[in-house]
Structure formats: C-alpha cells, structure tokens
Amino acid sequence: MTLFNKSALALSLSMSLALVTSAVKAETIAIIHATVHTATEQGVLKDASVVIEDGKIVAINPLLPTADTIIDAKGAILTPGFIASMNDLGLVEIGAVASSRDAYEKEADVVFDPSLAYNPKASSVPFARKGGITRNVVSSGGGEGIFAGQTFTVDLSGDWDSILAANTGLVVALGAKEEGSRAAGMQQLIHKLEDAKKAQAKKSKTKKTAEDDSEVPSREDEIIHAVLAGEKPLIIDVDRASDILHLIKLKQDLGIDLILVNAADAVLVADKLAQANIPVVIDSMRNLPESFDALHNSLENAGKLANAGVKVAIALPGDSHGIYALRFSAGNAVANGMNYDDALAAVTANVADIFHLDSGRIAVGKSADLVLWSGDPFEFSSKVQKMWIAGEEQSTDSRQDKLRDRYLHKTAMPEAYSR
Amino acid sequence: MAKVMPSLVAVALSTVIVGCSPAQQDPKITINTNPYPSTYQILPNSTTLLKNAIVLTGTGERIDDADVLIKDGKISAVGQQLSAAGAVVIDAKGKWITPGIIDVHSHLGVYPSPNAESHNDGNEMTNPVTAEVWAEHSVWPQDPGFNRAREGGITTLQILPGSANLIGGRGVTLKNVPATTMQAMKFPAAPYGLKMACGENPKSLYGSRNELPMTRMGNMAGYRTAFIQATEYKRAWDKYDADYAAGKNPVAPERDLMKDTLKGVLEGDILIHNHCYKAEEMAMMIDLGKEFGYHAGTFHHAVEAYKIADLLAENGNCAAMWPDWWGFKLEAYDMVLENVAMVDAVKNSCAVVHSDSGVTIQRLNQETAKIMHNANANGFNLKAEHVIGWITANAAKSLGISDKTGSLEKGKNADVVLWNTNPFSVYAQAEQVFIDGAKVYDRQDPAYQAQSDFMLGQE
Numbered sequence: 000m001t002l003f004n005k006s007a008l009a010l011s012l013s014m015s016l017a018l019v020t021s022a023v024k025a026e027t028i029a030i031i032h033a034t035v036h037t038a039t040e041q042g043v044l045k046d047a048s049v050v051i052e053d054g055k056i057v058a059i060n061p062l063l064p065t066a067d068t069i070i071d072a073k074g075a076i077l078t079p080g081f082i083a084s085m086n087d088l089g090l091v092e093i094g095a096v097a098s099s100r101d102a103y104e105k106e107a108d109v110v111f112d113p114s115l116a117y118n119p120k121a122s123s124v125p126f127a128r129k130g131g132i133t134r135n136v137v138s139s140g141g142g143e144g145i146f147a148g149q150t151f152t153v154d155l156s157g158d159w160d161s162i163l164a165a166n167t168g169l170v171v172a173l174g175a176k177e178e179g180s181r182a183a184g185m186q187q188l189i190h191k192l193e194d195a196k197k198a199q200a201k202k203s204k205t206k207k208t209a210e211d212d213s214e215v216p217s218r219e220d221e222i223i224h225a226v227l228a229g230e231k232p233l234i235i236d237v238d239r240a241s242d243i244l245h246l247i248k249l250k251q252d253l254g255i256d257l258i259l260v261n262a263a264d265a266v267l268v269a270d271k272l273a274q275a276n277i278p279v280v281i282d283s284m285r286n287l288p289e290s291f292d293a294l295h296n297s298l299e300n301a302g303k304l305a306n307a308g309v310k311v312a313i314a315l316p317g318d319s320h321g322i323y324a325l326r327f328s329a330g331n332a333v334a335n336g337m338n339y340d341d342a343l344a345a346v347t348a349n350v351a352d353i354f355h356l357d358s359g360r361i362a363v364g365k366s367a368d369l370v371l372w373s374g375d376p377f378e379f380s381s382k383v384q385k386m387w388i389a390g391e392e393q394s395t396d397s398r399q400d401k402l403r404d405r406y407l408h409k410t411a412m413p414e415a416y417s418r
Numbered sequence: 000m001a002k003v004m005p006s007l008v009a010v011a012l013s014t015v016i017v018g019c020s021p022a023q024q025d026p027k028i029t030i031n032t033n034p035y036p037s038t039y040q041i042l043p044n045s046t047t048l049l050k051n052a053i054v055l056t057g058t059g060e061r062i063d064d065a066d067v068l069i070k071d072g073k074i075s076a077v078g079q080q081l082s083a084a085g086a087v088v089i090d091a092k093g094k095w096i097t098p099g100i101i102d103v104h105s106h107l108g109v110y111p112s113p114n115a116e117s118h119n120d121g122n123e124m125t126n127p128v129t130a131e132v133w134a135e136h137s138v139w140p141q142d143p144g145f146n147r148a149r150e151g152g153i154t155t156l157q158i159l160p161g162s163a164n165l166i167g168g169r170g171v172t173l174k175n176v177p178a179t180t181m182q183a184m185k186f187p188a189a190p191y192g193l194k195m196a197c198g199e200n201p202k203s204l205y206g207s208r209n210e211l212p213m214t215r216m217g218n219m220a221g222y223r224t225a226f227i228q229a230t231e232y233k234r235a236w237d238k239y240d241a242d243y244a245a246g247k248n249p250v251a252p253e254r255d256l257m258k259d260t261l262k263g264v265l266e267g268d269i270l271i272h273n274h275c276y277k278a279e280e281m282a283m284m285i286d287l288g289k290e291f292g293y294h295a296g297t298f299h300h301a302v303e304a305y306k307i308a309d310l311l312a313e314n315g316n317c318a319a320m321w322p323d324w325w326g327f328k329l330e331a332y333d334m335v336l337e338n339v340a341m342v343d344a345v346k347n348s349c350a351v352v353h354s355d356s357g358v359t360i361q362r363l364n365q366e367t368a369k370i371m372h373n374a375n376a377n378g379f380n381l382k383a384e385h386v387i388g389w390i391t392a393n394a395a396k397s398l399g400i401s402d403k404t405g406s407l408e409k410g411k412n413a414d415v416v417l418w419n420t421n422p423f424s425v426y427a428q429a430e431q432v433f434i435d436g437a438k439v440y441d442r443q444d445p446a447y448q449a450q451s452d453f454m455l456g457q458e
C-alpha cells in the first residue's frame, strides 16, 4: 500500500473545513482507486474512492477525495467487513476445558444474557479477523430447555468496549430432541407467546379503570413483549420443514420478526418462507443427511433459497474457532449455484438487515467496517490486505503467526527464547 | 512371507540331527490373516483418453496440454499428443486432472449419516486396548457420505475406529465404489492399519471411570503393557513355528484376537495410524516403536508436527494434518495455518492432509489450497503440482499402497479426477471421477451419480 501525503489543495480544504466545524477533527481516511463492492443496489464501483470520518463512511466518489491519510488501493477489491453470526466466538477459549467455556448454560432461559461472559481478548478473535470478519452476532449454545437466551453484537476489534449491543434477539432451539417429543418444545413456544399476548390484551382493557397500575413487568415479560411488538427478533434454530411450517404460521398469526437458523430442509418450503418474509441463516457447507430433520442438506441450498427470494445469511452456526473460513463458505455457495452478489450480501448486507446492524454496506452513513482484499474475497489465494472496524485500522496478526515464526526461524537457542 | 525359506532349511537340518519323522506331527496351525477377503470388482470400463488438460501427476510434475490414457484399468500413458484406437475420448481442454484423492482418516460407514445411536459403531469404548476390533466389521456401505466424498474426488479412503482407546482396533482401506458389502469395497492387498490414540481422549474417558489411563503416563503404561503381551505372544508363535519346522510336534499357542493384531504390527504387516496432536507425545510414540521393534507409522491430527518436523522426517513418519482445526481441545491449541507446509519443507518428509470429517472429506483439495496459499503468503513458494501430493502420493505412502495408487504413473491403478478448473480454487468441482479406469462419477450425467439405498425415495 502506498500512503500519499495529502496534496496542498487537500490540506487547505481540510484546514478551512476544520475552521468551520471544530478545532478538534477526527482523522479522515480516503481509500482511492478501489474496486468497491458496495453490497447495495449500486453494485460494483470501479476505480472508486471511499472516505471515512469519525468511524463512518462519509463519502463515496466525492469529486475530490481529501483526507489526512490517502490509501491507493491500486484497483484492489474493497468490501464491507464480513459479518459472522450465531456462533460462540469469545464465549469459549478451548472447547474441552470446562473453566474456559461459557457458551453452554444448562439453565439458560429467556432472560439469559451471555454477553456478560464475552471475552474480547479470546485468542480466537484476532484469528477470525484473518477472514475479513469485522462484526459478529454472538449466540450462546443454549441449555436444556428450548430458550437459549439472547444474542449480542460485537465488533471484532478485540477492544474492551467491543460489545456494541446486548440482548438483541431471543434464541430458541426447536426440532428433534434426545428425549421426548418435539411437539412439547413447539407447544411451549407457541403458548408462551400466545399467553403473553392474551395477558397484554386483557391488561389494556382493564387499564382504563386502573390508571395507576404500577406493577413492574418481569424481565421475561419485557422480552416476550418486545418480541410480540416486533422490536426484538425471535431467532429459531430448526431444521425440519414441518417444524418450519408451524413457525411460518406463528409469524403470520402474531406479526413477529422471525429469523430461522440452520433450516436444513427450508429448501422444501422456500417459496412460503419468501412469501412470509422470513430470512434464513444457513451453514452453506452442510450437505450430509445428518439427521432425519436434515435429509435435504445440500451445497446448493443457499443459492436455491436466495433464488426463491429468501433473504439468506451464510454463517457457521455454533462454531467459534473456525469462523475465519466464512468467506470460503460463500465461495462454495457460488460454486454451487448462488449468484456472486447474493453470496456477498449473505455475508454482509443481508446479515446486517436480518440482525438490524448499521454496517454491512459501503454507503454513506454506514459504519466504516471495510476490508481491502488482495483478490477475490472468496478465494483461497486472496487475503486481507487492510481492514478497518469503525474506521480504525486492524491487524490480522494472531498468536498462530507468532508460533509459526518461532519455529520457522530457528536459532542456536531453544525456541522458547524467541518472541 | 520370508519365513518359508529358513524353516525349510530348519526341517532339513532337523531330520539329520534329530532324525524324528514328520509323520508324527499334528496338522500345522496357522492364523488366517485375511478372513474377510476383498471381493472388489472393477466396474464396467473402457479405454479412455482425456485430452489437453493440465495434469498434476502426483509425483511433483505439472504437464500442460497433456493427455491421460487409461487402459485395462491402469494408467497407460501421460503425455502430449497421445492416441489410442477405440478409446472414449474426453475433451479436457482448460480442465485439470489429478490422481484420485485419498483420505487416510475417515469414519464414513462407522459414524455414518444420519447420525443415529443405531449406527454409532466407531468407538469400542469398553476397554483402553481393543486391538481385537476391526473397523471393517462396523462399516455401513449405504452411508450417503461415501457418495458425497466421491463427488469430491475421493477414490480411496481408510476407515478408522475412533480415538477413545489407547489402541482402538484395525482400520480398513476401501475403494470408494458403491457396494452392498464392505468386502466389495475393500482395497485388494492393502495392508491393515492399527488405530492408536495419544493424549486427552483415552485418559479422560477411562480416567472419568477411575480406570487406567487417567493420565498421560497412564497412556504410556497402557501401550507398553499391551506390547509386552504382544511380544510374548509373538515369541510363543515363533517358537511354535520353529519347533514345528524342526520336525517337533509342538502345541500351538492359544489364539488371542487382540494379540494377533499387535503381533501383525510387530511383524510389520499392520501399519500404525496414531491420533497424536502434541510434539512431545509424538516423540515418545516414536521411541515406543523402537522399544518394541515396530515403526511408529503415521501421526494423525498432528497439530504440533511443525515443532518436530525434523524428527518426523528422520524417523520416516508421515504426519496427517488439518489446515485449520484448533481450539476444541487444549492439545489442539497450538495450531498454525502453515503446519503442513512446515512439515513438508524438511527433506524426506511425508506431509498428508486428512479430513476426519464427512464434510471436509468432500473438499480435501480446498483444505490443501488453504495451506498452500497461507504458506505462500508467509514466505513459502509451494506449487499446485507439489501440494497435490499431500492428498495423493503421500497419503498412499501412509497407507502402504503407493505401489498401486496415488500418482498418474504408467502401470498404476487408473484412479483419476477431472476437475472443471484449478482444483485449488474455491470454485473447483470434480466433473468426472474414475476408479481403476471405471467412471464412477459424472457431474453432468445422472447415470453416474450413485445414490445410497437410504436416500432413495426420501421426500
């Protein structure tokens, strides 16, 4: 990357701008001569420039890009930072070390908030950045019951303040059970929502006569009410098509914001999902008939759902240490019939839409989560050249690089002496 | 067996010295080492000429605009401007050809799809040493995963028992052809493998039952005890054989299925496949082999192999590795993305990429691509024609079948994959797959897309 000094003109412009606005001005960055995959209706902008200020994208292709730092992309591809979702990243350091994992909670319920366990310093976080991932919607692994607590959103800076929002969606796991009938879980969910709705209706009728109703709703009630009001998405991990049909009806009856995760056999009811405007978060690499709920797993499913009009996000649900490979999942989806732009949206704009994030697109006003790639972002031969999270440049170096270098460059002394 | 000659001499000598009559001997007791023999038959095939492809031979060579001629199930020629009368000609211009892909570590058939308690047949978790069990006796040939793997170019694969036990049992090498019996998939004359496991799995399973092993030192004690028993057993059989050959009428030792397998290891007929992540444990397993006079074989899941790449090469051990699996156990914490490349960089090395997964077995080419490109971004200069060996020639070497498959050399089995593009691209797909010259998969032709009985008619 070549860093250009600002031109005399740019200098004078920015100085005068600084006088107008304020004395303290955040550093601005302009990325010029980039091939910008906007993940918007603008599509791909060739030889384009993107200007970042205060962590936001403030201009695309301004007449004269000016900034404190100008980066010449020399034609390289710039994409929105990729957004992972529905995984355990930062909740588990090592899967088999009980004291290092906080993803599973036996007694997880509606109010369970796993963000309180998030460790932005987990060694898996910088590793995930190698995959151009800038944000993540984290979910717990749930517990014994159907309710798996709530999702939270983080940026992948690894900074102490990287939790952007907690309690963003309610997670439910349905379908095949080790013991008992799946019907019980489905029924529990339906009853929980219907009963809460009835109680609300009853309350609003009686409220006129009891204006000083000072009863404090329980935390659980608040969450369920937010779900019923469509303010908080209900995120359901489910595979079998017959279960999905019940959930489509639930959405139609209650008008909730419903997101399906995994949804192996969603492809059987793709048209109905599209019609009901229900998005699907899919692991596009699943293609074995893993269970009787998932007989239709196929590498083609991501493309088939997208072609049917379903909003698709590609994810590695339940993973933690391997999510850097998200971009390869998108590439495989393309190899198996998904439109390239759809696949890019499935790791950027669609994820943002589904989980209500202010990133995932290269558009004015969006968070400046950006990745500059050495080539096609879905290819093994490409790597992250530079990346920014909210305008801050990030490193992709991780503990793994240090280990590699220690053993690659041997000295007369034991490896332990090299950093 | 090289034993025949000396024993004949022994017989001749003994008649002179002892002078006793062979007629007084009971029939010789011998152990049948192949009681479940292969019934594999090559599928219908014809002389086939693939024209004008980019060919990666598996021996480190890349030949552009090259043809591959398949005749009588074997590679007949690889070169330019080939022709053959009556051959089926396939235009492979712009496409790539590699040897059939080999996975040295699979549990297809023993942990099949769908995942069901009825079919969880991969781990005999009843004793830390179960050398008496054979994975082939668990294989469900209708596992739909075999077909998915074939669509990814897998022509040969070793099915191993799981890693719960110190010595988990025999593995079996299969040809990835659709069949109704295990024997019909069994790779003719491939040596058996023996699954061993280091580290966390055995000690945590048996430790939780308050049984040995509870610790890594318990692991070592477990292997050593088993091989001491096997050594005694072998000695007893050797003595029986020698005495019999000497014209005596000895009583044969009592058969022991567990020790039969370990005796096969000591005699070099059964190859070790050792689930072993950590550098210090691999080093001890190499010494364990020396202690009892067998070769420590291939280390699987060798996440820390890069730390002892020299040691592995010096001792002739293959290391079978993933590109990027880590963090699920403490013994898988020190992963580096360049592990395979670092192992491979040493002279006389044997780096292998394996799957241990019904999903990634379908894309060992992509797993290899991850490693190549990561390594090249960090100072290596690896080329497609070299890294293809990690999933072909080196894998065949690990399984003891490199005289039969793993490269596109004249006379080798015609196990061949035709790819639509560079196999190390994320967009690459196997278009046609051949096993022993027979087309077993064609992406364009449903007549060559096998479907398991299980999947038939599922709606």
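Taken in sequence, the protein lines are chains A and B.
So the first sequence is residues 0 to 418, counted in numbering that gives the first Met the number 0.
So the second sequence is residues 0 to 458, counted in numbering that gives the first Met the number 0.
All residues carry an ideal CB built from backbone N, CA and C; glycine is no exception.
Put simply, of A:T395, A:Y406, A:L371 the residue whose alpha carbon is nearest the alpha carbon of A29 of chain A is A:L371. The beta carbon of F354 of chain A is closer than 6 Å to those of V136 in its chain, skipping five residues each way along the sequence. The beta carbon of L155 of chain A sits no closer than 7 Å to any beta carbon of chain B. Using a CB distance cut-off of 7 Å, K328 of chain B counts as an interface residue toward chain A. For P98 of chain B, the beta-bridge partners assigned by DSSP are B:V415.
Excluding its 5 nearest sequence neighbours in each direction, L253 of chain A has C-beta neighbours in its own chain below 8 Å: L192, E193, K196, L227, listed in chain order. Going by DSSP, Y243 of chain B is part of no beta strand (DSSP E) but of the alpha helix (DSSP H) stretching over 215 to 244. From the beta-carbon of S112 of chain B, the residues of chain A found nearer than 7 Å are L287, P288, E289. Using a Cβ-Cβ cut-off of 7 Å, S380 of chain A is close to H372 of chain B, given in chain order. Residue contact check for L294 of chain A against chain B: a CB pair falls below 7 Å. Taking C-beta atoms as the reference points, S283 of chain A and I258 of chain A fail to come closer than 7 Å. Annotated as distal: T129 of chain B and E135 of chain B, with beta-carbon spacing of 7 Å or more. Between the alpha carbons of L315 of chain A and L188 of chain A lies a gap of roughly 25 Å.
Listed in chain order, the positions of the region 338 to 361 of chain B with a beta carbon within less than 8 Å of a beta carbon of chain A are M341, G357, V358, Q361. V54 of chain B: member of the beta strand (DSSP E) spanning 47 to 55, first to last residue. Within the region 91 to 121 of chain A, contact with chain B at the beta-carbon level (separation under 7 Å) is assigned to I93, G94, A95, V96.
In terms of beta-carbon proximity, L402 of chain A lines the interface with chain B, with at least one pair separated by less than 7 Å.
In the DSSP assignment, A319 of chain B forms a beta bridge with B:H299, B:V351. Around Y35 of chain B, the same chain offers E135, Q182 as residues with beta carbons nearer than 7 Å, after the five sequence neighbours per side are excluded.
The CB of Y406 of chain A comes closer than 7 Å to the CB of Y305, K306, M341 in chain B, given here in chain order. The beta carbon of A427 of chain B is closer than 7 Å to those of N364, W418, N419, T420, N421 in its chain, skipping five residues each way along the sequence. Per the C-alpha coordinates, the member of A:V363, A:R128, A:Q251 positioned closest to T37 of chain A is A:V363. When the beta-carbon positions are compared, P111 of chain B and H118 of chain B come within less than 7 Å of each other.
Contacts between V333 of chain A and chain B, judged by CB atoms closer than 7 Å, involve Y426 in chain order. Between V279 of chain A and A262 of chain A, the gap from beta carbon to beta carbon is short of 7 Å. Beyond the five residues adjoining it in sequence on each side, A83 of chain B comes within less than 8 Å, by CB distance, of T46, L48, L68, K70, S75 in the same chain, given in chain order. Between I153 of chain B and I96 of chain B the beta-carbon gap is near 16 Å, outside 8 Å, which marks them as no contact. Around N286 of chain A, the same chain offers N296, S297, L298 as residues with beta carbons nearer than 6 Å, after the five sequence neighbours per side are excluded. For W325 of chain B, at least one C-beta of chain A is nearer than 7 Å to its own C-beta.
The DSSP-derived three-state label of A29 of chain A is strand. Assigned with DSSP and collapsed to three states, L325 of chain A falls in helix. Among the residues facing chain A, Q141 of chain B is not included, as its CB has no counterpart in that chain under 7 Å away. Between the region 52 to 61 of chain A and the region 84 to 101 of chain A there are fewer than three inter-stretch CB-CB distances shorter than 8 Å, so the stretches are not counted as touching.
By the criterion of a C-beta distance shorter than 7 Å, N373 of chain B is surrounded in its chain by L336, E337, once the five residues flanking it on both sides are discounted. In the DSSP assignment, V260 of chain A falls within the beta strand (DSSP E) that extends over 257 to 261. Here P119 of chain A is not near G148 of chain A, since their CB atoms are 7 Å or more apart.
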